[in-house]
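As structure tokens, the structure follows; a few thoughts come after it.
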Amino acid sequence: MRTYLNKLQSYLSEQRSKNIIRSMSESFCEMGTVMKLGAEKPLVIFSKSDCGICHSIKTLLINNFGANPTVYELDQHPDGRELERQLRAMGRDPCVPTVFIGKELIGGSDEVISLNVKGKLKPLLIKANAIWV
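Letter 76 of the sequence shown, counting from 1, is numbered 76 in the UniProt record's numbering, and no numbers are missing.
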């Protein structure tokens with residue numbers, strides 16, 4: 001009886017591990033397009049055209065630093081709903097704005113503004129070749 005219980009416990013543990021790995025793999029695939037787009041250019045912003053905070057972040061990066069971001073307006077993009085779903089799967093809620101600098105997910109407006117206030121945004125943009133000084 002003990003051997004049977006040990007085998008059953010081992011089997012269940014193995015199945016749980018497989019389910020966790022499968023779930024992680026599915027989550028990674030769900031984020032695939034967003035991560036790929038975020039890594040293609042030095043500065044990428046996922047936005048919505050009617051979002052005031054998104055406009056403020058784009059204005060900060062373009063007007064204050066002279067950046068030329070690649071912007072994906074989710075409400076105008078043919079795959080916008082899918083991109084939005086992927087951003088939410090990544091834990092981005094609200095999903096816009098979402099900013100990538102140098103192929104790295106920086107976050108949303110709070111993170112970008114915080115970096116700017118701390119004087120860390122400009123060096124990050126320079127390092128990523130998103131701006132030239």
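Note that the Cβ used here is the ideal one computed from N, Cα and C, for glycine as well.
Host beta strand (DSSP E) of residue i (start-end)
i: V44; result: L43 to S47
i: I101; result: T98 to I101
i: residue 198; result: Because the chain is modelled from 1 through 133, residue 198 falls outside the range shown and cannot be assessed.
Neighbour-count burial assignment, residue i, 16 or more Cβ in a 10 Å radius
i: P42; result: buried
i: V117; result: exposed
i: Q76; result: exposed
i: V133; result: exposed
i: E84; result: buried
Beta-carbon separation (whole angstroms), residue i vs residue j, contact threshold 8 Å
i: K103; j: G38; result: 7 Å
Below-8 Å beta-carbon distance, residue i vs any chain D residue
i: A89; result: The chain inventory of the structure shown lacks chain D, comprising one protein chain alone.
Helix, strand or coil at residue i according to DSSP, with G and I counted as helix
i: P123; result: helix
i: N129; result: coil
i: M90; result: coil
i: K36; result: helix
Where in the stretch 44 to 85 do unbroken runs of the beta strand (DSSP E), each at least 3 residues long, occur, reported from the N-terminal end onward?
-> Assignment of beta strand (DSSP E) within the stretch 44 to 85, counting only whole runs of 3 or more residues, yields 70 to 73 in chain order.
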